[in-house]
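J.: In terms of UniProt numbering, the numbers along the sequence shown are unbroken and rise by one, the last being 305.
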Amino acid sequence: MLDIRRLHMLRTVAARGSITAAAQSLGLSAGAVSQQLSALRQDVGVDLLRPDGRTVALTEEGRVLLEHADRILAAMEEAESAIAAVRGTVGANATLAALPSTVARIVAPALTALDAHHPQLTMTCLVTDRAQLRELTLGTVDVVLGQRYHHLPEATPRGVEVSPLLDDPLLVVTAADRAVGRPVALRELATHTLAAPPATTECGQAILHACHQAGFAPTTRYVTADIAAQLTLARAGLATALVPRTAIDPTAPGIRTSPLEGDPILRLLFAATRRTETANPTTAAVVAALRTAARQHSTTQLPMT
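(1) Thinking C-beta only, is Leu171 closer than 9 Å to Ile248?
(2) Comparing alpha-carbon positions, which option in Leu65, Ala234, Ala271 lies nearest Tyr222?
(3) Going by the beta-carbon positions, is the gap between Pro281 and Ala84 smaller than 9 Å?
(4) Please report the distance separating the alpha-carbon of Leu231 from that of Thr95.
(5) Within 10 angstroms of the Cβ of Ile4, are there 16 or more other Cβ atoms? Answer buried if so, exposed if not.
(6) Have a look at the DSSP bridge pairing and note the partners of Cys125.
(7) Whose C-beta lies closer than 6 Å to the C-beta of Gly91 among residues of the same chain, with five residues either side of it excluded?
(8) Would you list the one or two residues that DSSP bridges to Ile255?
(9) Would you list the one or two residues that DSSP bridges to Glu161?
(10) Could you name the residues of the same chain whose beta carbon sits closer than 7 Å to that of Ala190, not counting the 5 residues immediately before and after it, in chain order?
(11) Going by beta carbon distance, what residues of the same chain come within less than 7 Å of Val162, once the five residues before and after it are set aside?
(12) Which residues mark the beginning and the end of the beta strand (DSSP E) in which Pro218 is found?
(13) Using DSSP with H/G/I as helix, E/B as strand and the rest coil, what is Pro51?
(14) The beta strand (DSSP E) with Leu194 in it runs from where to where?
Written out as structure tokens, the structure reads:
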């Protein structure tokens, strides 16, 4: 009989590209993973992996087994969710992956509420610049607080359930003494020096695409994904920034925010979980807390110019 843990290791190696990387993510030694994969090879009687440069790749037999492994692991997840639903209680542990820009206004209030209502639940929070949807599918995180910009293509992995939380507009941020006192047309920023994220990030791509749609290439002299750095540069009068509303402290001194006139640049904040027929009470509680925090944030108005 196939060992479910070995199937999980095979899937992790396929996703990570190497036994070493898979071992690091699983908290095991590379030797331990290699040993278990060798045992899996003996179970099925064929090679499952082959060298591919500095990485490894699945053989044809490995790809076939992985397809079945995905279904088996999904069925295991379904069984665990069904049992948890019958029990009807929130579990003891869960891991949330979230974007830095959501921590202050959504994540922290949500975790505070979870601690108050479900004190038995220990939350681990992974704060990272990129939504960890792949980690969600691999089972290393349970809930992802991610983003998708409305005018960019959607790419949701198979087996992932997305719950919309909040439409979060990008606001124009300038030094308080340079505010224009009205909504700003995006094309007006053609004459501004911008502090913006790298074009390789989702936010950077969204800003670049919107500017091109407005008929200009932005002058980006300061390139950083660190929103605190963008706001500091704006406060100093060195640059104009386009920052998600959720990431701005309404009480921050020295800056003013203005909405974009006409079509805004919007990101959808969402909570993602692994899709199951039966809702898991633990992940459902986390998503509900995130939704409540997002709703409360949406009613807090920033001081506009």
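Beta carbons: idealized from backbone N, C-alpha and C, even for Gly.
T.: In short:
(1) Here residue 248 refers to the residue found at position 248 when the sequence shown is read from its first residue. Here residue 171 refers to the residue found at position 171 when the sequence shown is read from its first residue. Result yes, Cβ atoms of Ile248 and Leu171 sit closer than 9 Å.
(2) For the purposes of this step, residue 222 is identified with residue 222 of the sequence shown, where counting begins at 1. The shortest Cα separation from Tyr222 among Leu65, Ala234, Ala271 belongs to Ala234.
(3) Position 281 of the sequence shown, counting from 1, holds the residue named residue 281. Position 84 of the sequence shown, counting from 1, holds the residue named residue 84. Closer than 9 Å, so yes.
(4) Here residue 231 refers to the residue found at position 231 when the sequence shown is read from its first residue. Here residue 95 refers to the residue found at position 95 when the sequence shown is read from its first residue. Rounded to the nearest angstrom, the two C-alpha atoms are 30 Å apart.
(5) Along the sequence shown, one-based indexing puts residue 4 at 4. Under this definition Ile4 is an exposed residue.
(6) For the purposes of this step, residue 125 is taken as residue 125 along the sequence shown, with counting starting at 1. Cys125 pairs with Leu96.
(7) Along the sequence shown, one-based indexing puts residue 91 at 91. Thr282, listed in sequence order.
(8) Here residue 255 refers to the residue found at position 255 of the sequence shown. Ile255 is bridged to Ala175.
(9) Looking up residue 161 in the sequence shown gives position 161. Per DSSP, Thr273.
(10) Here residue 190 corresponds to residue number 190 of the sequence shown, with the count starting at 1. Excluding positions up to five away in sequence, the list reads Phe216.
(11) Indexing the sequence shown from 1 puts residue 162 at position 162. Thr156, Phe270, Ala272, listed in sequence order.
(12) Here residue 218 is taken as the residue at index 218 of the sequence shown, counted from 1. Careful: Pro218 lies outside any beta strand (DSSP E) and carries neither H nor E.
(13) On the sequence shown, position 51 is the one that residue 51 refers to. Three-state DSSP puts Pro51 in a strand.
(14) As a first step, residue 194 must be located in the sequence shown, where it is residue number 194. Residues 193-196.
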